[in-house]
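Q:
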Amino acid sequence: MAAVTGDHRRGKTALFLAACGCAGAAPHWLDPIRSLLPALTLALVLGGYGLRTVLRARGPAGGADAASAGATQALDAWPSVDVVVGARDEEAVVARLVERLAALRYPAEKLTFWVVDDGSQDRTGAILDALKAEHPQLRVLHRPRGAGGGKSGALNAVLQQLRGDWLLVLDADAQLQEDVLERVLPYAVRGGWAAVQLRKAVVNAGQSLLTRVQAMEMALDALIQQGRLLGGGVMELRGNGQLLRRLNLEACGGFNEHTVTDDLDLSFRLLTEGSRIGLLWDPPVQEEAVETVPALWKQRQRWAEGGLQRFFDYWPQLLSNRLSPSQRRDLACFFLLQYALPVVSFADAVTSAATRTVPVYWPLSIVAFSVSGLAYWRGCRRPSEGPELPQPDLLSLLTAIAYLGHWFVVIPWVSVRMAVFPKRLVWAKTSHRGEATADA
């Protein structure tokens, strides 16, 4: 389906806030025993679903096991591929990126690199122009800074010039193994996928405690995505390292320039068109984690806003028969866990303080954090290529679980902001400084 412009997002967000606020406050006016019933019921239903998702996250439809089953063996005829990168003020990493792309093992006549210099104010454009003389496969498109559409606008600007069967979308800090295309293309073609997301791995996990827990978070996310896929649920794209079949992308109307997270938006449009998204655990796409709390706060606000936007924009299609019952059930459970629970818990805490009563949603929160801890443990223990995953010892698990608590601040704040202020679409890019890769 075509991208939507996101009408009435403020009203929809206000309704979401009101519903979560009522759900969080209402049990406080019940007697102490009955007040726990909503939380206990949700803990049983949502916790049970989350636990099954985490425990099933190994199988032939995932990544590591698919490779061993021969799904990534060479094709008889290789499809043409365009590697596409949107770059704004990326002088620290763009030369390394091009060198990495040039080192990819793939038939040269089937591979083209496109880098969009999206109004950079540093030396990004000049560096790219100089690199064109060294790399015949490199194409550079310059856009003025005020061209609009954010990252989606940059990707759409080059989309109309692409002729490849597939496009691999990367961030400017992406680092890839040389054989990534030789492995992901057979997996995509043989699996009949319209898109495949590479597992994201953090290359600077050893930099600090903050980057370490983000590396664990990426493993948790990939494991949960794989479990959802194996259970007949919904798999989501993650932007960096997403391989897309060009015809399916064009049928969806390209990248949505009215959202702050084009990957999450595209995931839902592919879903409602019946197009399947797969996940490949190895090889991963390597990227830098943000290294400061302010940068994390900025990044997570954007992720939270885009995550909510897609539900508000496409809810009629998500509730329709375009989705299977298992997909609708999966979306409902993870919407409640990812987005509703933090807002309900915030309302619960505020009401508890105002009425001097005990919080009532603690059983659901405990179950959610416990399932997350299990996902951390399983994801970080899995044999993986790329940067070494942090070992999930007890202290690391407790730290990573506590780190997830930031979503219980980010999502309520973003929900209030979306309900009160008009939308403002800005490419709030993450700064990259260039971090050495970790090869398999």
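Residue numbers (our numbering): -6 to 433.
Ideal Cβ positions, reconstructed from N, Cα and C, are used throughout, including at glycine.
Apart from the five residues on each side of it in sequence, which residues of its chain come closer than 6 Å, Cβ to Cβ, to residue 268?
A: Correct list, in chain order: 187 and 241.
Q: For a quick check, are the C-beta atoms of residue 164 and residue 233 less than 8 Å apart?
A: Their beta carbons are under 8 Å apart, which means residue 164 touches residue 233 by this criterion.
Q: By the three-class DSSP mapping on this structure, what secondary structure does residue 61 have?
A: The predicted position of residue 61 is uncertain, since its pLDDT is 42 and thus under 50; no value can be drawn from it.
Q: Cα separation between residue 9 and residue 66?
A: If you take the alpha carbons of residue 9 and residue 66, they lie about 47 Å apart.
Q: Kindly list the residues whose CB is nearer than 8 Å to the CB of residue 174, restricted to its own chain and excluding five residues on each side of it in sequence; keep chain order.
A: Excluding sequence neighbours, residue 174 sits near 74, 97, 98, 99, 104 and 161.
Q: Specify the secondary structure class of residue 9 as computed by DSSP and reduced to three states.
A: Reduced to three states, the DSSP call for residue 9 is helix.
Q: With DSSP as the reference, label residue 351 as helix, strand or coil.
A: Correct three-state label for residue 351: coil.
Q: Excluding sequence positions up to five away, which residues of its chain have a Cβ less than 8 Å from the Cβ of residue 6?
A: 301, 305, 408, 411 and 412.
Q: If you measure between the beta carbons of residue 404 and residue 335, is that distance less than 8 Å?
A: The answer is yes: Cβ separation under 8 Å.
Q: Take residue 266 as the anchor and find which of 255, 284, 313 and 211 has the nearest alpha-carbon.
A: Checking every option, the nearest Cα to that of residue 266 belongs to 313.
Q: Is the region 355 to 364 close to the region 187 to 201, with three or more CB pairs under 8 Å?
A: Touching, no, given that fewer than three Cβ pairs across the two stretches are closer than 8 Å.
Q: Could you tell me whether the region 377 to 396 touches the region 218 to 237, using the rule of 3 or more Cβ pairs below 8 Å?
A: Contact fails: fewer than three Cβ-Cβ distances are below 8 Å.
Q: Is it right to say residue 37 is buried, meaning 16 or more other beta carbons lie within 10 angstroms of its own, or is it exposed?
A: Exposed: under 16 other Cβ atoms inside 10 Å.
Q: Relative to the C-alpha of residue 383, which candidate in 209, 129, 189 and 168 has its C-alpha closest?
A: Ranking 209, 129, 189 and 168 by Cα distance to residue 383 puts 209 first.
Q: In this structure, how does DSSP classify residue 79 when only helix, strand and coil are distinguished?
A: Residue 79: strand per DSSP, three-state reduction.
Q: Around the C-beta of residue 82, are 16 or more other C-beta atoms found within 10 angstroms, so that it is buried, or is it exposed?
A: Flag for residue 82 reads buried.
Q: Within 10 angstroms of the Cβ of residue 380, are there 16 or more other Cβ atoms? Answer buried if so, exposed if not.
A: Classification for residue 380: buried.
Q: Kindly indicate which residue of 86, 102 and 130 has the alpha-carbon position closest to the one of residue 116.
A: The shortest Cα separation from residue 116 among 86, 102 and 130 belongs to 86.
Q: Kindly provide the ranges of any beta strand (DSSP E) runs that are 3 or more residues long and lie completely inside the region 327 to 410, ordered along the chain.
A: The region 327 to 410 contains no whole beta strand (DSSP E) run of 3 or more residues.
Q: To which residues of the same chain is residue 93 closer than 7 Å at the C-beta, ignoring the five residues directly before and after it?
A: Hits under 7 Å: 168 and 169.
Q: Quick check on residue 237: does DSSP put it in helix, strand or coil?
A: Residue state, collapsed to three classes: strand.
Q: Pull up the distance between the alpha-carbon of residue 43 and that of residue 226, whole angstroms please.
A: Whole-angstrom Cα-Cα distance: 12 Å.
Q: Label residue 39 either buried or exposed according to how many other C-beta atoms from any shown protein chain fall within 10 Å of its C-beta, with 16 as the threshold for buried.
A: The residue is buried, with at least 16 neighbouring Cβ atoms inside 10 Å.
Q: Where does the unbroken beta strand (DSSP E) through residue 280 begin, and where does it stop?
A: Where residue 280 is concerned, the enclosing beta strand (DSSP E) stretches over 270 to 280.
Q: What's the call for residue 107, buried or exposed, on a 16-neighbour Cβ count within 10 Å?
A: The residue is buried, with at least 16 neighbouring Cβ atoms inside 10 Å.
Q: Indicate whether the contact test is met: 3 or more Cβ pairs, each with one atom in the region 365 to 378 and one in the region 207 to 223, closer than 8 Å.
A: Verdict: yes, contact present.
Q: If you count every other CB in all the chains shown that lies within 10 Å of the CB of residue 22, and 16 or more means buried, which is it?
A: Looking at its Cβ environment, which holds fewer than 16 other Cβ atoms inside 10 Å, residue 22 is exposed.
Q: On the DSSP bridge assignment, give the partners of residue 104 in chain order.
A: Answer is 74, bridged to residue 104.
Q: By how many angstroms is the C-alpha of residue 406 removed from the C-alpha of residue 11?
A: The alpha-carbon atoms of residue 11 and residue 406 are separated by roughly 14 Å.
Q: From residue 218 to residue 256, what does the alpha carbon distance come to, in whole angstroms?
A: Rounded to the nearest angstrom, the two C-alpha atoms are 14 Å apart.
Q: Within 10 Å of its beta-carbon, does residue 120 have 16 or more other beta-carbons around it, so buried, or fewer, so exposed?
A: So residue 120 ends up on the buried side.
Q: Sorted by chain position, which residues of the same chain lie with C-beta nearer than 6 Å to residue 138's C-beta, five sequence neighbours on each side aside?
A: 112, listed in sequence order.
Q: In the region 120 to 174, which residue ranges form an unbroken alpha helix (DSSP H) of at least 4 residues, counting only runs that do not cross its ends?
A: Runs found: 143 to 152.
Q: Cβ atoms of residue 253 and residue 281: under 8 Å apart, would you say?
A: No; because the gap between Cβ atoms is not below 8 Å, this pair is not in contact.
Q: What does the alpha-carbon distance come out to for the pair residue 109 and residue 84?
A: Their backbone Cα atoms lie some 13 Å apart in a straight line.
Q: Given a cut-off of 8 Å on the beta-carbon distance, is the pair residue 248 and residue 148 in contact?
A: For residue 248 and residue 148, yes; Cβs fall inside 8 Å.
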